[in-house]
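A.B. asks: Could you have a look at this structure, given as structure tokens, before my questions?
Residue numbers (this note's numbering): 63 to 541.
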């Protein structure tokens, strides 16, 4: 009798694709799921630019996240998951388990499970992120990793294109045309399809390093040119966000990219990077005059003079209060808020206010935190209507303090252990292969972790970090 394939419940061979799946097809499915996120997230986020349907981007994460969970289980069921992933998978499992403890002790179960409307970073997002991490670790070959990077670069170019439309005073919808916390109008900051200029800068800077290395070391001339275009567009657009990460992240990304490009012909990418930074800075300096920007701080329209400004504080409260209504509005006085006031135009004052008050929440809830995506609730002091509590915030803009404040110090410790493992194995893989692709992913992960000292996660950027981290932890086993 001819040999037949395995089946379940006496069904046909075709209906049992899971049991009969080859390692190569399993890896290809993993790649398609991750590429599916890169496609669906900007498409779903585009809807939000035209209508305040805040749950739509979260649907993109949920759809691809569910598929990711299924294929993680398939990998374990078919013994496709290598033993080298058992430890990181165990750390992911421990993080998810502690997330449930935090959820149980949270202010509102539903918000901590699904996340607040427009953020969608509840416990389920942790589950999806962990699944993306494990799929990224099981792409199998550098050919698949190259395809995923190419998808990321296409996403970056799409973000830059939409950002260009937002930066021009041509009527394209943008939440950051005005910065109401500072009473500034016709500012036209780009946010792309990420939800915030700060999120956009984080995404583009993270992609900038592999784009630089690809432009130097790729053997395909067309791909080298495409990567060079990416380098220029990413650096220019990140600078144009006029936030601290936009400048600091871009400069650090360029430095890291050049360090690891020293054995190649790095002069063209160096010139492209410098030109983009200078052009972006010059555009920032004259944008007020070009856009006819004005201020209403005095009650009258006063034209804003040209010059360089960073708008971090105003971006933070514009995003949370005016765009999503997940925090209170900003006021400059100190009497209406028991936490005191701060000057929103002062970077040190703004970030200091966030960190100082998050530290108080960590001190109050050191083990379980306030609950996933629930940082705002320990701050409510007038009533349960968030908007009635000025100067409250839902994002700390220090990822590590945010994690400790919402999920507890044990969660932060687990995360740091996992990241140490990721960097260690990634460095081993880079030393073993010397492949520019591996170097690019590893340094993108390291840059993201550095930027998170003044940044925060979002469903439009964080999944890409977890994909890259998964790739890094599997590099010692690269084929």
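By construction, the Cβ of each residue, glycine as well, lies at the ideal position given by its N, Cα and C atoms.
Please read all numbers here as calculations on a predicted model, not as lab measurements.
Could you work out which residue in 198, 112, 188 and 106 is closest to residue 95 when comparing CA atoms only?
C.D. replies: 198
A.B. asks: Given residue 550, which residues of its chain have a CB within under 7 Å of its CB, disregarding the five upstream and five downstream residues?
C.D. replies: Residue 550 lies beyond the stretch modelled for the chain, which goes from 63 to 541, so this question has no answer here.
A.B. asks: Please list, in chain order, all residues of the same chain as residue 184 whose beta carbon is under 6 Å from its beta carbon, the five residues on each side excluded.
C.D. replies: 174, 175, 176, 177, 434 and 435
A.B. asks: State the beta-bridge partners of residue 356 as determined by DSSP.
C.D. replies: DSSP, once it has assigned bridges, lists 247 and 365 as partnering residue 356.
A.B. asks: Where does residue 496 land, buried or exposed, given buried means 16+ other C-beta within 10 angstroms?
C.D. replies: exposed
A.B. asks: With which residues is residue 241 paired in a DSSP beta bridge?
C.D. replies: 246
A.B. asks: Give every residue of the same chain whose Cβ lies closer than 7 Å to the Cβ of residue 121, excluding the five residues on either side of it in the sequence, and list them in chain order.
C.D. replies: 106
A.B. asks: Taking Cβ to Cβ, would you say residue 285 is nearer than 8 Å to residue 250?
C.D. replies: Between residue 285 and residue 250, the C-beta spacing is not below 8 Å.
A.B. asks: How far does the alpha helix (DSSP H) with residue 283 in it reach, from first residue to last?
C.D. replies: In the DSSP annotation of this structure, the continuous segment of the alpha helix (DSSP H) that includes residue 283 starts and ends at 283-302.
A.B. asks: Would you check if the distance between the CB atom of residue 274 and the CB atom of residue 225 is smaller than 8 Å?
C.D. replies: No, the Cβ-Cβ distance between residue 274 and residue 225 is not below 8 Å.
A.B. asks: Output the distance between the C-alpha atoms of residue 343 and residue 445, rounded to the nearest integer angstrom.
C.D. replies: Within the model, the alpha-carbon separation for residue 343 versus residue 445 is close to 43 Å.
A.B. asks: Exposed or buried, which one is residue 253 when buried takes at least 16 other CB atoms within 10 Å?
C.D. replies: buried
A.B. asks: Is the CB-CB distance between residue 217 and residue 104 below 8 Å?
C.D. replies: Yes.
A.B. asks: Have a look at residue 425 and residue 415 and give me their C-alpha separation to the nearest angstrom.
C.D. replies: 16 Å
A.B. asks: Would you call the CB atoms of residue 487 and residue 535 closer than 8 Å?
C.D. replies: Yes, these two residues count as a Cβ contact at 8 Å.
A.B. asks: For residue 212, which three-state DSSP category applies?
C.D. replies: helix
A.B. asks: Out of 293, 301, 279 and 247, which one is the CA nearest neighbour of residue 259?
C.D. replies: 301
A.B. asks: Which term fits residue 290, buried or exposed, when burial requires 16 or more other beta carbons within 10 angstroms of its beta carbon?
C.D. replies: buried
A.B. asks: Helix, strand or coil for residue 446 per DSSP?
C.D. replies: coil
A.B. asks: Assign residue 181 to one of three DSSP states: helix, strand, or coil.
C.D. replies: In the structure shown, the three-state DSSP call for residue 181 is coil.
A.B. asks: Let's test the definition: count the other Cβ atoms within 10 Å of the Cβ of residue 354 and tell me whether it reaches 16, buried, or not, exposed.
C.D. replies: By the neighbour-count rule (16 or more Cβ atoms within 10 Å), residue 354 is not buried but exposed.
A.B. asks: Tell me, please, whether the stretch 139-151 touches the stretch 111-119 by the rule of three or more beta-carbon pairs shorter than 8 Å.
C.D. replies: No, they do not touch.
A.B. asks: If contact is defined by three or more beta carbon pairs under 8 Å, each pair taking one atom from either stretch, is the stretch 448-463 in contact with the stretch 232-242?
C.D. replies: no
A.B. asks: Mind checking residue 333: buried by the 16 CB within 10 Å criterion, or exposed?
C.D. replies: exposed
A.B. asks: Excluding sequence positions up to five away, which residues of its chain have a Cβ less than 6 Å from the Cβ of residue 537?
C.D. replies: 488, 491 and 500
A.B. asks: With DSSP as the reference, label residue 381 as helix, strand or coil.
C.D. replies: helix
A.B. asks: Counting along the chain, where does the alpha helix (DSSP H) carrying residue 86 start and finish?
C.D. replies: 85-112
A.B. asks: Ignore the nearest five residues each way along the sequence and tell me which others in residue 511's own chain have a CB closer than 7 Å to its CB.
C.D. replies: 481
A.B. asks: Please report the straight-line C-alpha distance between residue 64 and residue 203, rounded to a whole angstrom.
C.D. replies: For residue 64, the predicted model reports a pLDDT of 49, less than 50, meaning its position is unreliable; a value from the coordinates is still stated below. For residue 64 and residue 203, the distance between alpha carbons rounds to 33 Å.
A.B. asks: Would you decide whether residue 223 is buried or exposed? Buried here means 16 or more other CB atoms lie within 10 Å of its CB.
C.D. replies: exposed
A.B. asks: Using 8 Å as the threshold, is the C-beta distance between residue 242 and residue 418 below it?
C.D. replies: no
A.B. asks: Just to confirm, are residue 356 and residue 248 a CB contact at a threshold of 8 Å?
C.D. replies: Yes, the pair counts as a contact, with Cβ atoms nearer than the cut-off.
A.B. asks: Using only alpha-carbon positions, find the residue among 331, 439, 375 and 186 that is nearest to residue 316.
C.D. replies: 331
A.B. asks: With a 10 Å radius around its C-beta and 16 neighbouring C-beta atoms as the bar for buried, classify residue 221 as buried or exposed.
C.D. replies: buried
A.B. asks: Here's the rule I'm using: 16 or more other beta-carbon atoms within 10 Å means buried, otherwise exposed. How should residue 335 be labelled?
C.D. replies: It counts as buried.
A.B. asks: For the alpha helix (DSSP H) holding residue 277, just list the boundary residues, first then last.
C.D. replies: Its alpha helix (DSSP H) spans residues 259-279.
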